[in-house]
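Enquirer:
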Amino acid sequence: MYDVSIVIVSYNTKNLTRKCLLSVQKFAGNVSHEVIVVDNASSDGSAEMIESEFNWVKLIRLSNNLGFAAGNNRAIEVAKGRYILLLNSDAFLDKGILENTIAYMDKNPRIGVLGCKLINPDGTLQPSARSLPSPLNKILHISGLSSRFPKSRFFGRVDYSWWDHSAPKIVGWVVGAYFLIREETISQIGCLDERYFLYFEEIDFCLSAKRAGWDVVFYPLAEVVHIGGQSSLLTNQIISEKGRQRVSIRLKSEFRYYRKMYGVLSVIISAFIESAWNITVMIKNLISKNKESQNKITQSRIHLRLIFKTLINDKFGKGQN
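In this text, residue positions in the sequence shown follow numbering that gives the first Met the number 0: the first is 0, and each later residue adds one.
1. Can you tell me whether residue 141 is buried or exposed, with buried defined as 16 or more other CB within 10 angstroms of its CB?
2. Alpha carbons only, please: which of 57, 13, 295 is nearest the one belonging to residue 276?
3. If you draw a straight line from the C-alpha of residue 216 to the C-alpha of residue 113, how long is it?
4. May I have the straight-line CA-CA distance separating residue 319 from residue 195, to the nearest angstrom?
5. Beta-carbon within less than 6 Å of residue 219's beta-carbon, same chain only, minus the 5 sequence neighbours each way: which residues are those?
6. Within 10 angstroms of its Cβ, does residue 72 collect 16 or more other Cβ (buried), or is it exposed?
7. Where does the unbroken alpha helix (DSSP H) through residue 5 begin, and where does it stop?
8. Who are the Cβ neighbours of residue 180 in its own chain at under 6 Å, not counting the five residues just before and after it?
9. Mapping DSSP to helix, strand and coil, what is residue 190?
10. Would you tell me roughly how many angstroms separate the C-alpha atoms of residue 13 and residue 89, rounded to the nearest one?
11. Which partner residues of residue 33 appear in the DSSP bridge assignment?
12. Name, in chain order, the residues that DSSP records as bridge partners for residue 214.
13. Does the separation of the CB atoms of residue 40 and residue 190 fall below 9 Å?
14. Roughly how many angstroms lie between the CA atoms of residue 30 and residue 312, to the nearest whole one?
15. For the alpha helix (DSSP H) that residue 271 lies in, which residues bound it at each end?
16. Residue 224 and residue 93: beta carbons closer than 9 Å?
17. Going by DSSP, name the residue or residues bridged to residue 115.
18. What does residue 128 pair with, by DSSP beta-bridge criteria?
19. Roughly how far, in whole angstroms, is the beta-carbon of residue 28 from the beta-carbon of residue 85, given that I think they are within contact range, below 8 Å?
This is the structure:
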């Protein structure tokens with residue numbers, strides 16, 4: 000058995016995946032490990048690159064893009080490590096990270112999931128320790144109050160922005176860019192829920208682990224550079240087809256999460272909050288005729304249609320599968 004199985008899901012991120020694997024090759028240290036890359040039917044030559052440049056990697060090639068959760072699960076099912084590390088293809092290891100995080104989990108057997116401090120390429124902190132989703136947190140986030148008053152324990156509760164991120168802390172959930180899981184935790188609660196194509200799979204897993212008695216811990220004494228940025232509930236790109244698709248996927252995952260964890264009423268509350276905010280934005284910008292205001296109205300109108308379409312088509316989070 001290895002100390003850790005490092006799992007990377009790749010989808011059309013050839014150059015990033017190469018850089019990620021090089022960081023693993025350089026900084027894995029003395030930790031016994033295996034690396035499993037799941038290629039989600041990439042069309043950019045990612046799988047071929049891995050086969051030719053990293054023959055020590057166990058490559059699983061999928062014929063279709065199954066999404067983040069299912070892709071990781073294909074690797075978890077064959078992994079042989081005491082720990083499973085889900086590592087994003089745009090996250091890069093540094094010296095001592097594996098040793099430090101595994102040693103900390105070895106010393107603290109109640110930790111089921113551990114996330115480390117994520118750093119943007121420019122060296123700034125990328126929020127990765129978060130409280131669990133709730134109606135209040137949703138209001139604070141989409142209204143911008145959490146960003147406007149980051150040092151307030153109340154308004155900054157979403158990302159713990161009031162806290163200096165200097166010491167390990169039990170949190171609601173940790174971002175899946177560096178997501179270290181104890182094998183016993185997976186044995187108890189199962190793999191990631193494949194009903195999530197993208198988004199909310201790590202939140203679901205963290206809440207399931209907590210309900211089973213495990214701790215979810217943010218460990219800031221290890222840092223990983225992560226290129227991925229923050230996702231927004233109301234993106235300026237929603238007018239584009241790609242933007243609409245991403246918002247639809249996020250809405251579907253969010254509604255499925257609430258339905259599974261808290262029941263259908265929580266889905267309705269979540270949809271109401273997001274709809275009310277978009278209606279507020281539309282009303283606020285009706286008076287002005289400038290281009291920016293008209294764009295905001297268009298964005299909110301599209302967003303409202305996506306909310307109601309997702310609710311109906313996905314049966315209020317019940318899902319089709």
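Think of the CB as a built atom: it goes at the ideal place given N, C-alpha and C, for glycine as much as any other residue.
Expert: Here's the rundown:
1. Taking the first residue of the sequence shown as 1, we reach residue 141 at position 142. Residue 141 is buried by the Cβ-count criterion.
2. Counted from its first residue, the sequence shown places residue 276 at position 277. Among 57, 13, 295, the Cα nearest to that of residue 276 belongs to 295.
3. As a position in the sequence shown, residue 216 is number 217, starting the count at 1. As a position in the sequence shown, residue 113 is number 114, starting the count at 1. Near 5 Å, if we compare the C-alpha coordinates of residue 113 and residue 216.
4. Looking up residue 319 in the sequence shown gives position 320. Looking up residue 195 in the sequence shown gives position 196. Going from the Cα of residue 319 to the Cα of residue 195 covers about 12 Å.
5. Taking the first residue of the sequence shown as position 1, residue 219 is located at position 220. Within the same chain, residue 219 has close Cβ partners 116, 164.
6. The residue given as residue 72 occupies position 73 in the sequence shown. Flag for residue 72 reads buried.
7. Looking up residue 5 in the sequence shown gives position 6. Here residue 5 belongs to no alpha helix (DSSP H); instead the beta strand (DSSP E) covers 1-9.
8. Here residue 180 is taken as the residue at index 181 of the sequence shown, counted from 1. Closer than 6 Å at the Cβ level, and outside the excluded window around residue 180, lie 83, 112.
9. On the sequence shown, position 191 is the one that residue 190 refers to. Reduced to three states, the DSSP call for residue 190 is coil.
10. Working through the sequence shown from its first residue, we reach residue 13 at position 14. Working through the sequence shown from its first residue, we reach residue 89 at position 90. So the two alpha carbons sit approximately 10 Å from each other.
11. In the sequence shown, residue 33 corresponds to position 34, counting from 1. According to DSSP, residue 33 bridges with 4.
12. Here residue 214 is taken as the residue at index 215 of the sequence shown, counted from 1. Per DSSP, 110.
13. Along the sequence shown, one-based indexing puts residue 40 at 41. Along the sequence shown, one-based indexing puts residue 190 at 191. For residue 40 and residue 190, no; Cβs fall outside 9 Å.
14. The count along the sequence shown starts at 1 and reaches residue 30 at position 31. The count along the sequence shown starts at 1 and reaches residue 312 at position 313. Their Cα atoms are separated by approximately 47 Å.
15. Position 272 of the sequence shown holds residue 271. From DSSP, the alpha helix (DSSP H) with residue 271 extends over 263-285.
16. Position 225 of the sequence shown, counted from the first residue, corresponds to residue 224. Position 94 of the sequence shown, counted from the first residue, corresponds to residue 93. Yes, these two residues count as a Cβ contact at 9 Å.
17. Residue 115 sits at position 116 when you count from the first residue of the sequence shown. Answer is 218, bridged to residue 115.
18. For the purposes of this step, residue 128 is identified with residue 129 of the sequence shown, where counting begins at 1. According to DSSP, which records beta bridges pairwise, residue 128 is partnered with 173.
19. What you label residue 28 is simply residue 29 of the sequence shown in a count that begins at 1. What you label residue 85 is simply residue 86 of the sequence shown in a count that begins at 1. Not a contact, Cβ separation roughly 19 Å.
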